[in-house]
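What follows is one structure encoded as structure tokens, with my remarks underneath.
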DNA sequence: CTTGCACCTCACGTAACGTGAGGTCCTAAC
DNA sequence: GTTAGGACCTCACGTTACGTGAGGTGCAAG
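Chains as they are written, first to last, in the working numbering: chain A, 136 to 365; chain E, 136 to 365.
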């Protein structure tokens, strides 16, 4: 059988057959003119190749399975299954994240979306899975309104603190103490008072200088509040 | 910031930064000597790139999202989600198939495994999903023993029929009629008498000549039995 | 002035082919 | 005998997101 006939019969491309010949996976005999000739044996082998390919094995694995009896089929399948399951898990995680974002910001612009994705990636980096779940529960408890109102409140607080720093107010001053209490209350409200989560939060602000700056928080403010809270 | 510093800070390779520069995804300024210099703006952009990459977008999509405001983020995310879900589905199917095979042939050799995969691929090609489920239920009803005994029975039946064909026996001969009834009973036992499944089965034998031959069935035998059954 | 490190630019390799480009073989019709 | 049209052949580059050298330059310290 010539290459075109085989291609038509099996529905795969001539180029693919050429490729399998090139890599030595399926090497037909040749006519005097150099045309490929596929016999019964090659057709059988091609069917096996296609079945294994359909099952997601690489051409290299397929070659090994078909040519070397010492290839441990069970191990290859086990490895393959593990790979598949890992990929499934990863993709499910991704889906969950993207769906959450799409659901959470139904009217966001491109920038907002990208920032949301960025923040989410960052959170994944600094919090454990359990902490993320706790935070999510906490967010639901607080409700949408509260979540929406918080950033402004936080920003106002930052500005007040910054004002006292510029004015040189002593951290022990009652006005600063009040602000520090507010700071602590805000943090507790969102972390649920979990010290491990607060630790992760601190790490995040420490590691992501740029993010911290955007939020109006820097080392100076952190120190000042820490002294006030002592 | 020079390229090595940035690489260390973000944990990605210098080559990757070179690559992003090559494809115009992240183009730093250059010093007089031609060394790359990454400023605040580039660092911000890199973070965005990494977040989006982590989310599974291609570099081309990322470039589009970051550079062109007319890029429909929602559409991109939707498309991406669809891709991911399709991949998840495909991989879950594969896992199910491979696990079924591994469980069904706990002591198989390489050839048996490959053949099992081949047969399964073939079945997927000729039967609908519902039919495959029906067949699976049927197999469980019949039990392992019966499934194991059937091939021999089938093979014996084939040999008997072949004998009559060679002897030139009339299909209407009572002995042939008896064999035909047996044939029908065997088919009904495994198809559950579903005519659509039987049709698929016939198509499979017609399309997969090689498989049919291995089973000892060819067009001649098919015709002979058909005449006997009339 | 030299050593050594960080940087630079090619440029090939990866998996599994798709897609031409340009040349040869075969078969049938004239 | 020749000629047209398929079918076949062999390069060889393109795809994705970089890894991995090879070979050359810039810069600060001893």
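Just so it is clear, CB atoms sit at the ideal spot from N, CA and C, and this is done for glycine as well.
Tell me the rounded alpha-carbon separation between residue 314 of chain E and residue 207 of chain A.
Cα-Cα distance, rounded: 42 Å.
Short of 8 Å in beta carbon distance, which residues of its chain neighbour residue 293 of chain A, apart from the five on each side in sequence? Order them along the chain.
350, 351, 352 and 356, listed in sequence order.
Determine whether the Cβ of residue 198 of chain A lies closer than 8 Å to any Cβ atom of chain E.
No, residue 198 of chain A lies away from the interface with chain E (no Cβ there is under 8 Å from its Cβ).
Using a Cβ-Cβ cut-off of 7 Å (strictly less than) and excluding sequence neighbours within five positions of residue 340 of chain E, which residues of its own chain qualify?
Once the five neighbours on either side are set aside, the close Cβ partners of residue 340 of chain E are 347 and 352.
Classify residue 164 of chain A as helix, strand or coil using the three-state DSSP reduction.
Of the three classes helix, strand and coil, the one that applies to residue 164 of chain A here is strand, per DSSP.
Pop quiz: residue 187 of chain E and residue 252 of chain A are said to be a contact at Cβ under 8 Å. What is the actual Cβ separation, rounded to whole angstroms?
That pair is a contact at about 6 Å.
Quick check on residue 363 of chain E: buried or exposed, where buried means 16 or more other Cβ atoms within 10 Å of its Cβ?
Residue 363 of chain E comes out buried.
For residue 265 of chain A and residue 197 of chain E, I'd like the C-alpha separation in whole angstroms.
When rounded, the distance between both Cα atoms is 30 Å.
If you run the structure through DSSP and keep just helix, strand and coil, what is residue 355 of chain A?
Three-state DSSP puts residue 355 of chain A in a helix.
Tell me the residue span of the alpha helix (DSSP H) that contains residue 256 of chain E.
From DSSP, the alpha helix (DSSP H) with residue 256 of chain E extends over 245-261.
Distance cutoff 8 Å, beta carbons only. Does residue 296 of chain E sit that close to anything in chain A?
It does not: the Cβ of residue 296 of chain E has no partner Cβ on chain A nearer than 8 Å.
Using a Cβ cut-off of 8 Å (strictly closer), state whether residue 300 of chain E contacts chain A.
Output row for residue 300 of chain E: interface = no.
Nearest-angstrom Cα distance between residue 161 of chain A and residue 199 of chain A?
Using only the alpha carbons, I get a separation of about 12 Å.
Helix, strand or coil: which one does DSSP assign to residue 203 of chain E?
Residue 203 of chain E: coil per DSSP, three-state reduction.
Label residue 213 of chain E either buried or exposed according to how many other C-beta atoms from any shown protein chain fall within 10 Å of its C-beta, with 16 as the threshold for buried.
Counting Cβ neighbours within 10 Å, residue 213 of chain E comes out exposed, since fewer than 16 surround it.
Would you report the Cα separation of residue 230 of chain E and residue 238 of chain E, rounded to the nearest angstrom?
Straight-line Cα distance between these residues: approximately 12 Å.
Would you say residue 164 of chain E and residue 172 of chain E are within 8 Å of each other, going by their C-beta atoms?
Yes, the pair counts as a contact, with Cβ atoms nearer than the cut-off.
Is there contact here, the segment 324-336 of chain E with the segment 257-274 of chain E, by at least three beta-carbon pairs under 8 Å?
Taking 8 Å as the limit for Cβ pairs, the verdict is that the segment 257-274 of chain E does touch the segment 324-336 of chain E.
Could you name the residues of the segment 222-234 of chain A whose beta carbon sits closer than 9 Å to any beta carbon of chain E, in the order they occur along the chain?
Residues 222, 223, 225, 226, 227, 229, 230, 232, 233 and 234.
Nearest CA to the CA of residue 153 of chain A: which residue from A:144, A:192 and A:139?
Of the listed residues, the one whose Cα sits closest to residue 153 of chain A is A:139.
Name, in chain order, the residues that DSSP records as bridge partners for residue 232 of chain A.
In DSSP, residue 232 of chain A forms no bridge with anything.
Please confirm whether residue 281 of chain A has its beta-carbon closer than 8 Å to some beta-carbon of chain E.
False, the Cβ-Cβ gap to chain E never drops below 8 Å.
Can you check whether the C-beta of residue 208 of chain A is within less than 8 Å of a C-beta belonging to chain E?
At least one chain E Cβ lies under 8 Å of residue 208 of chain A.
Label residue 326 of chain E either buried or exposed according to how many other C-beta atoms from any shown protein chain fall within 10 Å of its C-beta, with 16 as the threshold for buried.
Buried: at least 16 other Cβ atoms inside 10 Å.
Who are the Cβ neighbours of residue 192 of chain A in its own chain at under 8 Å, not counting the five residues just before and after it?
Within the same chain, residue 192 of chain A has close Cβ partners 200, 211 and 215.
In the DSSP assignment, find the unbroken alpha helix (DSSP H) run with residue 341 of chain E in it and report its ends.
Where residue 341 of chain E is concerned, the enclosing alpha helix (DSSP H) stretches over 330-342.
With a cut-off of 8 Å on the beta carbons, I'd call residue 345 of chain A and residue 245 of chain E a contact; round off their distance for me.
About 55 Å; that fails the 8 Å criterion.
Apply the 10 Å Cβ neighbour rule to residue 232 of chain E and answer buried if 16 or more other Cβ atoms are within range, or exposed otherwise.
Residue 232 of chain E comes out buried.
Quick check on the DSSP output: what are the complete alpha helix (DSSP H) runs of length 4 or more inside the segment 143-193 of chain E, in order along the chain?
Fully enclosed alpha helix (DSSP H) runs of 4 or longer: 149-157 and 175-189.
List the residues of chain A whose Cβ lies closer than 9 Å to the Cβ of residue 187 of chain E, in chain order.
Under the 9 Å cutoff, chain A gives 249, 252, 253 and 256.
Kindly list, in the order they appear in chain A, the residues whose Cβ is closer than 7 Å to that of residue 212 of chain E.
Correct list: 233 and 237.
Between the alpha carbons of residue 250 of chain E and residue 281 of chain E, how many angstroms are there, rounded?
Taking the straight line from one Cα to the other gives about 20 Å.
Name the DSSP bridge partner or partners of residue 307 of chain E?
Bridge partners of residue 307 of chain E: none, in fact.
Check whether chain E comes within 8 Å of residue 191 of chain A, counting only Cβ atoms and requiring the distance to be less than that.
So yes, residue 191 of chain A belongs to the interface.
Here's the rule I'm using: 16 or more other beta-carbon atoms within 10 Å means buried, otherwise exposed. How should residue 311 of chain E be labelled?
When all chains shown are included, residue 311 of chain E counts as buried.
Pick out whichever of E:257, E:168, E:209 and E:178 has its Cα sitting closest to the Cα of residue 190 of chain A.
For residue 190 of chain A, the nearest C-alpha among the options comes from E:257.
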